[in-house]
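Undergrad: Structure provided below as structure tokens; questions to follow.
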Amino acid sequence: MEHDGFPEGGTWSGGLGPVWSMLSRPGGRDSEADPDDPDHYDLTTVPELTFITPRIPINSGEAMVLALPGTTPPADIVSKVREELACTRAAKVRELVNDAECSLCGDRYPAAHLLPATESDRLLLCPFCVFDGDILGGHPLRLAYLIDELTDEDVAAPAGWAAVTALLACAAGPGFRERLEDGDALRVPLPHWFDPGQVWVWLPPADLPPPCVT
């Protein structure tokens, strides 16, 4: 679970996989105050949790906005977010149009789900072909940035890119974090590049673990 470490704009925020979460308390007099600061908020007011996907909806719009009272039991929060997220992804997947094909295998995908593994935008590949031969070569940073962009903005992104992320994160070594941070001042690399255990993997409904038991 990522978090900002401070209540920006009076809101605690953080993210897990494709979901961005916010915790705030209505009625504050100071938008920069901690929502648990009794000098600025009425602590008898129930805080509100808001869950949004995709994490960065600037280009695609918000596919899911789920608001829950802060008094919701943790197990119920997990269950409700999981159910809503699964429904949202399923709806977005149904809207996809396979209007492009992988430059190597020829399998058809939505154009936005094929990524370049080199400096050229002409060689667009699916997750299964990106490591073919020596294609990736010396351009892992560009691919990493594009995977993050796809992960952040598209809740219907192919699950196959999770495998690419995990393999690239493991193969790139411990210095990959610094290379990513130095390579793009406008984007903060997602934590899965430093800890492959945080890679978000989409599972078919039948493979999902059972709901939390209280």
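Residues in the sequence shown are numbered consecutively from 1, following full-length UniProt numbering. Every residue, glycine too, gets a C-beta built ideally from N, C-alpha and C.
(1) Can you name, in chain order, every residue of its own chain whose Cβ lies under 7 Å from the Cβ of L114, other than the five neighbours on each side?
(2) Candidates L167, P189, E178, V155: which alpha carbon is nearest A86's?
(3) Considering only C-alpha positions, which residue in the set P54, W202, P38, P26 is nearest to L150?
(4) Measuring only the C-alpha atoms, how far is A163 from H192?
(5) My assumption, with CB atoms under 8 Å, is that G70 sits in contact with P47. Please give the rounded CB distance.
(6) For E181 and S13, what's the separation of their Cα atoms in angstroms?
(7) Using the C-alpha atoms, what's the distance from C105 back to I58?
(8) Since D152 contacts I77 with CB under 8 Å, what's their CB separation in whole angstroms?
(9) Report buried or exposed for G17, applying the criterion of at least 16 other Cβ atoms within 10 angstroms of its Cβ.
(10) Please work out which residues of its chain come closer than 7 Å, Cβ to Cβ, to Y145, disregarding the five sequence neighbours upstream and downstream, and give them in chain order.
(11) On the premise that R89 lies in contact with W202, defined as a C-beta separation below 8 Å, what is that separation, rounded to the nearest angstrom?
(12) Do you know how far the Cα of L23 is from the Cα of R29?
(13) Over the uninterrupted beta strand (DSSP E) stretch that includes A67, give me the two end residues.
TA: Reading it off the structure:
(1) A100, C102, L124, L125, C126
(2) V155
(3) P54
(4) 11 Å
(5) 4 Å
(6) 22 Å
(7) 32 Å
(8) 22 Å between Cβ atoms; not a contact.
(9) buried
(10) D184, R187
(11) 7 Å
(12) Unreliable placement is indicated for R29, whose pLDDT of 48 sits below 50; the coordinate value is still reported in the next sentence. One C-alpha to the other measures close to 16 Å.
(13) 64–69
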